[in-house]
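Asker: These protein sequences, in sequence, are chains A and B. The C-terminal residue of the first sequence carries number 178 in our numbering, and the numbering is unbroken. The C-terminal residue of the second sequence carries number 178 in our numbering, and the numbering is unbroken.
2 protein chains.
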Amino acid sequence: MPKAERYHHGDLHDTLLQEANALLNEQGVEGLSLRKLAERAGVSRTAPYHHFRDKNALLCALATQAFAELDSIIERQLESAGDHPDIQDFVIEYLEFATENPEQYELMFGRTIWKSGTPTDELKRVAYRSFRRYAEGLGALVQGRLPAATDPLRVAQASWATIHGLCRLVIDGVYVDRKDMQAVSQQAVALIMAALK
Amino acid sequence: MPKAERYHHGDLHDTLLQEANALLNEQGVEGLSLRKLAERAGVSRTAPYHHFRDKNALLCALATQAFAELDSIIERQLESAGDHPDIQDFVIEYLEFATENPEQYELMFGRTIWKSGTPTDELKRVAYRSFRRYAEGLGALVQGRLPAATDPLRVAQASWATIHGLCRLVIDGVYVDRKDMQAVSQQAVALIMAALK
DNA sequence: TTGTTATCTTGACACCGTCAACATAACGCC
DNA sequence: GGCGTTATGTTGACGGTGTCAAGATAACAA
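1. Evaluate contact between the stretch 6 to 15 of chain B and the stretch 82 to 94 of chain B, counting only Cβ atoms and requiring at least three cross-stretch pairs below 8 Å.
2. At a Cβ cut of 7 Å, what residues of the stretch 90 to 101 of chain A count as close to chain B, listed as they run along the chain?
3. So which residues on chain B does A/Thr182 lean against when the C-beta distance must stay under 7 Å?
4. Please list, in chain order, the chain A residues whose beta carbon lies closer than 8 Å to that of B/Ala1.
5. Whether or not the stretch 153 to 172 of chain A and the stretch 139 to 152 of chain B are in contact is what I'm after, with contact meaning three or more pairs of Cβ atoms, one per stretch, closer than 8 Å; do they touch?
6. For the candidate residues A/Leu134, A/Gly98 and A/Leu76, whose alpha-carbon lies nearest to that of A/Gly146?
7. Short of 9 Å Cβ to Cβ, which residues in the stretch 62 to 73 of chain A face chain B?
8. What did DSSP end up calling A/Gly12 once you bin it into helix, strand or coil?
9. Taking A/His32 as the query, report the chain B residues whose CB atoms sit under 8 Å from its CB, ordered along the chain.
10. Could you tell me the alpha carbon to alpha carbon distance between A/Arg126 and A/His32, rounded to whole angstroms?
11. The alpha helix (DSSP H) with A/Asp158 in it runs from where to where?
12. Taking only the alpha-carbon atoms, compute the straight-line gap between B/Glu103 and A/Asp(-5) and give it to the nearest angstrom.
13. Can we count A/Ile68 as close to the ligand ZN, meaning its CB is less than 7 Å from some heavy atom?
14. Quick check for students: name the residue ranges of the alpha helix (DSSP H) that lie wholly in the stretch 88 to 140 of chain B, counting only runs of 4 or more.
15. Would DSSP call B/Gly23 helix, strand or coil?
16. Round the Cβ separation of B/Leu51 and B/Ser111 to the nearest angstrom and send it over; I've been treating them as touching at under 8 Å.
17. Do the CB positions of A/Met89 and A/Ala121 come within less than 8 Å of each other?
18. Apart from the five residues just before and just after A/Ala137, which ones in its own chain have a Cβ nearer than 6 Å to its Cβ?
19. Provide the residue span of the alpha helix (DSSP H) that contains A/Ala79, from first to last.
20. Of all the options B/Ile54, B/Leu(-7), B/Cys41 and B/Gln46, which has the alpha carbon lying nearest to the alpha carbon of B/Val24?
21. Using only CA atoms, which one of A/Pro133, A/Glu56, A/Val151 and A/His65 lies nearest to B/Lys96?
22. Do we get a CB-CB distance below 8 Å when we pair A/Thr(-4) with the residues of chain B?
Written as structure tokens, this is what we have:
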């Protein structure tokens, strides 16, 4: 029996996540509607509601997935660095993820979920864990290279704010010039490095 | 003849901007609809279209206004600093504006206009002028205190990215804890200062 | 086999931005 | 003052959105 004619889809949950990501990349968060999504999945408008409580829940699921991706990238990077930790590499990796997955990044850190919407408990857990990991990663990179009386955690957070700020400027379309962006990011790294001894 | 019964409003343009700002502060960008706005102004749904081409144009007008406000704050701050320029003060002032007018800040620098929407020519002009001013202001603050071969403009941009990143984290609801935020912002300032000699 | 549950459907509702067509008032020119 | 033009405001309509309610269908368990 061909899939197209079956009453039950069979794998709608995953299909929805997949198609949602595709739609996200094609049209952005604001172009992602449940109705379009349902149509792409070959299913009626309200079918997705049997797999996600509402649109917010779907977006949270997407964000959770994205965190897993970024996590693995960061983790791989931190590991491969080994005893030659390099902040520049960390920043490059992070910026690359953000610029290559702008819509996912918006979901992960943007107001769509965190302010306008309501982050799922699961998303909160995953996100906070990731925040902690990035901070720890950055903290490890600056370990033992800070002036006394300087909290490594705070340095890590401030550094992350710098990187995040850059990401947002690019992602939100404020910085359009890619070359400019690269020069600024290099300077941002220099800024962070200058705080080390 | 009482205003309520007049066919022509008389001052709809300004009233719309005013009510839009109020609605913005109460319900956020995503809560601002032209229909609600029209109702608040005591006018029919489509009346606003005689004063703003579409919703995007209205948002751009709001953003333009907000830039004027932030501009005057920054300018006043830079002037009053005189020959005692202090980056910390600059950052505090900037953060204060952003946290006290989060929705305006979102419009000024957020994807709502710059990515999803289409910035008006006027907004572009005003915004780019402001960007330049902030950069120049920050550039002046670091003037003569940079290592050789360091572009003051790049430092200013990277510094601005740091501040902007902090603002976004707070505004978007990622950082909720205000105290945490303050500590991080202090560290951010220290980060920038550390790049100076 | 039969009842329960998961899944999917259509119908409906209240919003939204915006266009078209029409109504009213203000303004300028004779 | 009268009158056409323009600015402003109105209702009606269209397609889009998220989501609820009620019913249809299939899978699954007893």
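Just so it is clear, CB atoms sit at the ideal spot from N, CA and C, and this is done for glycine as well. Source: prediction; values computed, not measured.
Answerer: So, from the listed chains and residues:
1. Touching, per the Cβ criterion.
2. Listed by position along the chain: Phe90, Gly91, Arg92, Trp95, Lys96 and Ser97.
3. Residue 182 of chain A lies beyond the residue range present for chain A, which begins at -18 and ends at 178; the question has no answer from this structure.
4. Chain A residues near B/Ala1: none, gap ~18 Å exceeds 8 Å.
5. The stretch 139 to 152 of chain B is in contact with the stretch 153 to 172 of chain A.
6. Ranked by Cα distance from A/Gly146, the options A/Leu134, A/Gly98 and A/Leu76 are led by A/Leu76.
7. When C-beta distances to chain B are compared with 9 Å, every residue of the stretch 62 to 73 of chain A stays at or above that value.
8. Helix, per DSSP.
9. The premise fails here: A/His32 is roughly 24 Å from chain B at the closest Cβ pair, so nothing lies under 8 Å.
10. Answer to the nearest angstrom: the Cα atoms are 49 Å apart.
11. First-last for A/Asp158: undefined, no H or E at that position.
12. When rounded, the distance between both Cα atoms is 45 Å.
13. This structure simply doesn't include the ligand ZN, nor any ligand for that matter.
14. Listed in chain order, the complete alpha helix (DSSP H) runs (minimum 4 residues) inside the stretch 88 to 140 of chain B are 102 to 123.
15. For B/Gly23, the secondary structure class from DSSP, reduced to helix, strand or coil, is coil.
16. With a Cβ gap of about 7 Å, B/Leu51 and B/Ser111 count as contacting.
17. Their beta carbons are not under 8 Å apart, which means A/Met89 does not touch A/Ala121 by this criterion.
18. So the list reads Ala116, Leu119 and Gly120, once near-sequence residues are dropped.
19. DSSP places A/Ala79 in the uninterrupted alpha helix (DSSP H) bounded by Ile68 to Glu81.
20. Closest option to B/Val24, Cα to Cα, is B/Leu(-7).
21. Among A/Pro133, A/Glu56, A/Val151 and A/His65, the Cα nearest to that of B/Lys96 is on A/Val151.
22. Under the Cβ criterion of 8 Å, A/Thr(-4) is not counted among the residues facing chain B.
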